[in-house]
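**Student:** Right, I'll just put the structure down here and ask away after.
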Amino acid sequence: THLYPILGLTQSALGAFARVPQIILNFRQRHTGNQSVITWGLSLAGNTVRIITTWASVDDLVALGGYVVAFILNGTLVLQILAFRKHTQEVLYGKKK
C-alpha cells in the first residue's frame, strides 16, 4: 500500500516526459507544426472535468496533482498553438505575399 502514491505519480511523470520536449521544441521553432488545437483543447477540457470531479468527490491529492500537471502541460500546448498560429501557417503553407 505504500507504493500507491508512487504509482499515481508515474502517470504524471510519463505525461510530462511526453509533452515537455514538444513544448520546448515549439518554443524553439516558434511554430507547432500540424498539432491540432481541437485535439489538445479536448484534452484540456477533459483535464478540467477530472480536476473538478476529483476535487469535489475524492480526497486524493496524488490524483488531483496529476490532473493539474496534465492541465498545465496541455494548456501550454493549446496556448502555443494559438500564439504561434500565424508562423505555423507560414511554415506549413509558405509565406503569403
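Residues in the sequence shown are numbered from 4 upward in steps of one, following the numbering used here.
All C-beta atoms in this analysis are idealised placements derived from N, C-alpha and C, irrespective of residue type, glycine included.
1. Tell me, to the nearest whole angstrom, how far the beta carbon of Leu80 is from that of Gln38; I am working on the premise that it is less than 8 angstroms.
2. So what's Asn37 in DSSP terms, helix, strand or just coil?
3. So does the region 68–83 actually touch the region 23–40, counting three or more Cβ pairs closer than 8 angstroms?
4. In whole angstroms, what is the alpha-carbon distance linking Gln92 and Val40?
5. Whole angstroms are fine: how far does the CA of Gly97 sit from the CA of Val52?
6. Would you call Trp43 buried or exposed, if buried means 16 or more other Cβ atoms sit within 10 Å of its Cβ?
7. Do you know how far the Cα of Val72 is from the Cα of Ala48?
8. Looking at the structure shown, is Phe87 part of a helix, part of a strand, or coil, going by DSSP?
9. In angstroms, rounded to a whole number, what distance separates the CA positions of Leu12 and Gly68?
**Tutor:** In short, the structure shows the following:
1. 7 angstroms
2. It is coil, neither helix nor strand.
3. Between the region 68–83 and the region 23–40 there are three or more inter-stretch CB-CB distances shorter than 8 angstroms, so the stretches are counted as touching.
4. Their Cα atoms are separated by approximately 13 angstroms.
5. Going from the Cα of Val52 to the Cα of Gly97 covers about 38 angstroms.
6. Within a 10 Å sphere around the beta-carbon of Trp43 sit 16 or more other beta-carbons, which makes this residue buried.
7. 14 angstroms
8. If DSSP states are grouped into helix, strand and coil, Phe87 belongs with coil.
9. 8 angstroms
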